[in-house]
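Colleague: What follows is a single structure, and I will ask about it in a moment.
There are 2 protein chains.
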Amino acid sequence: MEAEINQVADILLQKDSFLILTHKDPDLDGIGSMIALGTALRNKGKRVVLFTEEKLQPPLGNIKGAELISHHISENKFSATLVLDCSDLNRLGKAKELALLNRPLISIDHHETNDHFADINLVVPDSSSTGELVYKVIKKAGLCINKVVAEALFAAIQADTGCFKYENTTSTAFSIASELLKYGVSPWDVYRNTNEQYTLPVLKLLELSLGTIELHHNGKLGIMSITLNMIKTAGAYPGDSERFISYPRFIAGVEVAALIREIAEKEYKFSLRSNGKVNVAQLASIFGGGGHAKAAGFECKGELSELKEKFIKEVSNFLE
Amino acid sequence: MEAEINQVADILLQKDSFLILTHKDPDLDGIGSMIALGTALRNKGKRVVLFTEEKLQPPLGNIKGAELISHHISENKFSATLVLDCSDLNRLGKAKELALLNRPLISIDHHETNDHFADINLVVPDSSSTGELVYKVIKKAGLCINKVVAEALFAAIQADTGCFKYENTTSTAFSIASELLKYGVSPWDVYRNTNEQYTLPVLKLLELSLGTIELHHNGKLGIMSITLNMIKTAGAYPGDSERFISYPRFIAGVEVAALIREIAEKEYKFSLRSNGKVNVAQLASIFGGGGHAKAAGFECKGELSELKEKFIKEVSNFLE
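Chains as they are written, first to last, in numbering that gives the first Met the number 0: chain A, 0 to 319; chain B, 0 to 319.
The following block contains the structure:
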């Protein structure tokens, strides 16, 4: 890791113009890392373009510095491309071509699945977040941290660690956070600003969804189901239920939680979470899906009751 | 603060037996601080009794080291009493007398309202938690930190800062957490272990409660109401709804959130939260209640509809 940090820091100091990108449908780790690195480089007099294909929507778009991000690029010559929090080039979408035009191509990422597509790959799966790695690069290059930089880095780390409680939370993440607070960052303001607030339709959808919870296999499997009709009744958006899986997941005794969402008529997306014992990536792979040991998923078509029955049956093999 | 830390550390090293207490209806900050300090002192060969009047229930009782806490005391001679996270002696309940018998009496606390009842008062309102102060005392006295001590301190700080996101989260809290993780503490395990898990009755009560949410004053006031009948229908316990206030509170645009709970027939408890602009302690005081600027409450008797109407009317004066 140290060698790559040094290489990246050298390039940041030597070159004078940078294109900074993150994956499509970006998250706070990617966006915060972009804003932090872009701002630190600009303050050093460098020319920097931060680019995402689409305009950021709230709450992500509420992050301070979001206005620095362009959605059109009028120039196409840079002395380096930095790709942040992105595991392969195809996840860049339209920016892929531009990224390849502007070498050296530098990847800074913490995804285990990163395919090392770049000329320099600062890829550290043990890192809590890409924000943590960007912090290290900024420090190594001696770039100045101001409040905008500090807030963006903090937002990245806070988001990817689930407020410093997920299993990827490292001692280093805490120590960087401690440092960033000295620049006036307020954890509460960042949290409030960049997290989904409820709307009445979301709460209506939650009310309807809670009514569908069922437990199987002696309470070890918890399932919540959401139909297109429920989304319509609530006046909500399909994406509004993405985090609802916490409800079946956090029922005492549950080992495997499933959130089944109808994404088109008789077409369903199963999101799976494990509380430790079951490898849900293996479970999902039986249905043609994939993911991580503790978070995975798959899609399928058919009648909800039949799909559910088949799934419940399969889970029993994993609970023994 | 430094003088008091030194004084407390000296006493810990010089004396040989300690009674350690926290306030009645204890929370994780108090309990974690007791277990950490008690364990560190025992490992140094000291005689220590940790006492709470009542047995700890889950999830609080799941904290590692809970078995070290006694609920009866057969001896009554100690060379010092340490009272942790407790703002006045009356909050000690039955242990008050025993505390006063065993001088010096040492108070370690971060409540602004602490009345400095002890012989030595290490009272630091700027501290994120009592756990943070206990950590400093342990370090100053050179007591050994092992995994039990580290986990208990981490649980205390994690709980009182709401996973390092509330406004009391300090740079020091992050830096101590960084240090504690080096002893093998897992933030996720501590979080899962010591936080309420859902039960089906709790989720049923949440479902029923979400159906009661109403917005007033152009969406700036959000109210959720819970009746005894709803609790009965859900098969839940009255305390199960304590955290439900997050739902009206986190609706976009809400400035004041109220959770109205029926605590006896036609007897109601209003819990109030402010998202910044309104001082809800002042609002509560109009109804004979009190609290902090951002979290307050009051109790009253009558017909729910009338009480609510009166309350809604009063709030308008605070929103202008």
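Where is the CB? At the ideal position from N, CA and C, for every residue including glycine.
Please give me, in chain order, every unbroken run of the alpha helix (DSSP H) with length at least 4 that falls completely inside the stretch 89-116 of chain B.
Modeller: Counting whole runs of 4 or more residues, the stretch 89-116 of chain B contains the alpha helix (DSSP H) stretches 95-100.
Colleague: Using C-beta distances below 8 angstroms, list every residue in its chain close to A:ILE78, excluding the 5 sequence neighbours before and after it, in chain order.
Modeller: Here the sequence assigns Ser to residue 78 of chain A, which means Ile is not the residue at that position. Result list for A:SER78: LYS14, ASP15, SER16, PHE17, ASN101, in chain order.
Colleague: For A:GLU261, list the residues DSSP reports as bridge partners.
Modeller: Looking at the DSSP assignment, A:GLU261 forms a beta bridge with A:TYR267.
Colleague: Give me the chain A residues within the contact set of B:TYR190, using Cβ-Cβ distance strictly less than 8 angstroms, ordered along the chain.
Modeller: Within chain A, the residues near B:TYR190 are LYS164.
Colleague: Can you name, in chain order, every residue of its own chain whose Cβ lies under 7 angstroms from the Cβ of A:GLU53, other than the five neighbours on each side?
Modeller: Around A:GLU53: HIS70.
Colleague: Please report the distance separating the alpha-carbon of B:ALA280 from that of B:TYR190.
Modeller: Rounded to the nearest angstrom, the two C-alpha atoms are 30 angstroms apart.
Colleague: Does A:TYR197 have its Cβ less than 8 angstroms from a Cβ in chain B?
Modeller: Yes, its Cβ sits closer than 8 angstroms to a Cβ of chain B.
Colleague: How close, in whole Å, do the beta carbons of B:LEU49 and B:ILE72 come, if the pair is a contact with beta carbons under 8 angstroms?
Modeller: With a Cβ gap of about 10 angstroms, B:LEU49 and B:ILE72 do not count as contacting.
Colleague: What are the partner residues of A:SER177, as DSSP defines its beta bridges?
Modeller: DSSP output for A:SER177 lists no bridge partner at all.
Colleague: As a quick exercise: from A:GLY183, A:LEU99, A:TYR267, pick the residue whose alpha carbon is nearest that of A:GLU298.
Modeller: The residue with the shortest Cα to Cα distance from A:GLU298 is A:TYR267.
Colleague: Residue range of the beta strand (DSSP E) that B:ARG41 falls in?
Modeller: Careful: B:ARG41 lies outside any beta strand (DSSP E), inside the alpha helix (DSSP H) at 27-41.
Colleague: What would DSSP say about A:LEU142, mapped onto helix, strand or coil?
Modeller: Correct three-state label for A:LEU142: coil.
Colleague: Answer yes or no: does any C-beta atom of chain B fall closer than 8 angstroms to that of A:LYS276?
Modeller: Answer no: the Cβ-Cβ gap between A:LYS276 and chain B never drops below 8 angstroms.
Colleague: Please list the partners that A:ALA117 has in chain B, where partner means a Cβ-to-Cβ separation under 7 angstroms.
Modeller: None at all; the shortest Cβ gap to chain B is about 30 angstroms.
Colleague: Could you check if B:THR232 is buried or exposed, using at least 16 other CB atoms within 10 Å of its CB as the buried criterion?
Modeller: Answer is exposed; the Cβ neighbour count stays below 16.
Colleague: Looking only at its own chain, which residues have a Cβ that is under 6 angstroms from the Cβ of B:GLY141, when we skip the five neighbours before and after it?
Modeller: Around B:GLY141: no qualifying Cβ.
Colleague: When the cut-off is 8 angstroms and only beta carbons count, does A:LEU55 lie next to chain B?
Modeller: No, no contact with chain B.
Colleague: What are the start and end residues of the beta strand (DSSP E) that includes B:ARG46?
Modeller: Its beta strand (DSSP E) spans residues 46-50.
Colleague: Using a Cβ-Cβ cut-off of less than 7 angstroms, list which residues of the stretch 7-36 of chain A approach chain B; keep chain order.
Modeller: Those residues of the stretch 7-36 of chain A that come within reach of chain B (Cβ to Cβ, closer than 7 angstroms) do not exist; the list is empty.
Colleague: Assign A:TYR134 to one of three DSSP states: helix, strand, or coil.
Modeller: DSSP places A:TYR134 in helix when its eight states are reduced to three.
Colleague: Are A:ALA155 and A:GLY31 touching if we call contact CB-CB under 8 angstroms?
Modeller: Taking 8 angstroms as the Cβ cut-off, A:ALA155 and A:GLY31 qualify as a contacting pair.
Colleague: On a CA-only basis, which of A:ILE19, A:VAL133, A:ASP118, A:ASP114 is nearest A:LEU97? Give me that one, please.
Modeller: A:LEU97 has its Cα closest to that of A:ILE19, out of A:ILE19, A:VAL133, A:ASP118, A:ASP114.
Colleague: Just by C-beta distance, which residues in the stretch 241-271 of chain B are closer than 7 angstroms to chain A?
Modeller: So the close ones are TYR246, PHE249, ILE250, ALA251.
Colleague: For A:LYS93, count the other beta carbons within 10 Å of its own beta carbon; 16 or more makes it buried, fewer makes it exposed. Which is it?
Modeller: So A:LYS93 counts as exposed.
Colleague: Express the C-alpha separation of A:VAL133 and A:ARG46 in angstroms, rounding to a whole number.
Modeller: Going by the C-alpha atoms only, they are around 18 angstroms apart.
Colleague: May I ask you to check if the CB of B:LEU49 is nearer than 7 angstroms to at least one heavy atom of the ligand MG?
Modeller: The model depicted lacks the ligand MG and carries no ligand whatsoever.
Colleague: Is the stretch 259-274 of chain B close to the stretch 214-233 of chain B, with three or more CB pairs under 8 angstroms?
Modeller: In short, these stretches touch, since the Cβ pair count reaches three.
Colleague: Along chain B, which residues have their Cβ under 8 angstroms away from the Cβ of A:LEU209?
Modeller: Those are LEU202, LYS203, LEU205, GLU206, LEU209, listed as they occur along chain B.
Colleague: So, is the C-beta of B:SER170 closer than 8 angstroms to a C-beta in chain A?
Modeller: Taking Cβ atoms only, chain A reaches closer than 8 angstroms to B:SER170, which makes this a yes.
Colleague: Quick one: using the 10 Å Cβ neighbour count with 16 as the cut-off for buried, is B:THR112 buried or exposed?
Modeller: Result: exposed.
Colleague: Are any of the Cβ atoms in chain B nearer than 8 angstroms to that of A:LEU83?
Modeller: No - not a single Cβ of chain B is within 8 angstroms of the one on A:LEU83.
Colleague: Anything in the stretch 279-294 of chain B with a Cβ closer than 9 angstroms to a Cβ of chain A? List those residues in chain order, please.
Modeller: Hits within the stretch: zero.
Colleague: Does the pairing of the stretch 169-187 of chain B with the stretch 164-178 of chain A give three or more beta-carbon distances under 8 angstroms?
Modeller: The stretch 169-187 of chain B vs the stretch 164-178 of chain A: in contact.
Colleague: Between B:LEU209 and B:PRO25, what straight-line distance do the alpha-carbon atoms span, to the nearest angstrom?
Modeller: Taking the straight line from one Cα to the other gives about 29 angstroms.
Colleague: With 8 angstroms set as the bound, which would you pick, yes or no: does the beta-carbon of A:PRO124 sit closer than that to a beta-carbon of chain B?
Modeller: Output row for A:PRO124: interface = no.
Colleague: Is B:GLU66 helix, strand or coil when you go by DSSP?
Modeller: B:GLU66: helix per DSSP, three-state reduction.
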